[in-house]
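K.L.:
Got a structure for you, written out below as structure tokens; questions coming shortly.
Numbering (UniProt numbering), first residue to last: 1 to 230.
Set out below in structure tokens:
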């Protein structure tokens, strides 16, 4: 699908023609974050339709930012990989994120809550190194959500891989986290810490896992950037 042109030779205008269509930068964010399969990309943009995601990936492929590759050992399965041009977008995505963390007001950010995206980001950013080298299960229960979206499980494997489950995986729970979605999102964004959020959070489980939660919890890669607006 051909996008309307700005009609300017400026490199900013030409880059904007490729990258500034709706959802495109969020798809690039997911690719930069390491997602390569279509379904994983969808989990990072849960409100984007499959049809539109497919269209944006084709546009990025046409622009030379993404290429499709067959997955070895999986007949008919393809994954999306960044080209050299796509890899050059790492600092662009980082600059977008840092600007948003610094200059977008906290209340504006916390009006846009999404448990699917929050849990998916927590899964891929979780740091297993402070945790015991065994399978661990953390159950999150968001008290302000409807029953269908209330409970989520992170399963940390001894290898360090982390799985996100929407249904009970059937393992013993090492830590129960009960809170509201806004509180957990604020912690993830670096707007609060586990310690400062404890008045709105119930933690029940292994005391050592509770004690180190701030260090292993998968925070936003921009959480360390201080806000410059309230």
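Each residue gets a CB set at the ideal place from its N, CA and C atoms; glycine is no exception.
Since the structure is predicted, the reported quantities are computational estimates derived from the model, not experimental observations.
For the alpha helix (DSSP H) that residue 214 lies in, which residues bound it at each end?
P.N.:
Start and end: 213-216.
K.L.:
So residue 141 and residue 151 are supposed to be a Cβ contact under 8 Å. How far apart are they, rounded?
P.N.:
Contact holds; Cβ gap of about 5 Å.
K.L.:
Going by the DSSP bridge assignment, what does residue 70 pair with across the sheet?
P.N.:
78.
K.L.:
Reducing DSSP to helix, strand and coil, say where residue 199 ends up.
P.N.:
Helix, per DSSP.
K.L.:
At which residues does the alpha helix (DSSP H) containing residue 94 begin and terminate?
P.N.:
Residue 94 -> alpha helix (DSSP H) spans 90-103.
K.L.:
Does the Cβ of residue 64 have 16 or more other Cβ atoms within 10 Å, making it buried, or fewer, making it exposed?
P.N.:
The residue in question, residue 64, is exposed, as its Cβ has fewer than 16 Cβ neighbours within 10 Å.
K.L.:
Identify, in the order they occur along the chain, each residue of the same chain with its Cβ nearer than 6 Å to the Cβ of residue 195, setting aside the five sequence neighbours on each side.
P.N.:
There are no such residues.
K.L.:
If I measure Cβ to Cβ from residue 198 and keep anything under 8 Å in the same chain, skipping five residues before and after, which residues do I get?
P.N.:
Taken in chain order, the list of residues that qualify is empty.
K.L.:
In its own chain, which residues sit with a C-beta less than 6 Å from the C-beta of residue 204, not counting the 5 before and 5 after it?
P.N.:
Only 176 meet the Cβ criterion.
K.L.:
For residue 59, count neighbouring Cβ atoms within 10 angstroms of its own Cβ and tell me buried if that reaches 16, exposed if not.
P.N.:
Buried, because 16 or more other Cβ atoms sit within 10 Å of the Cβ of residue 59.
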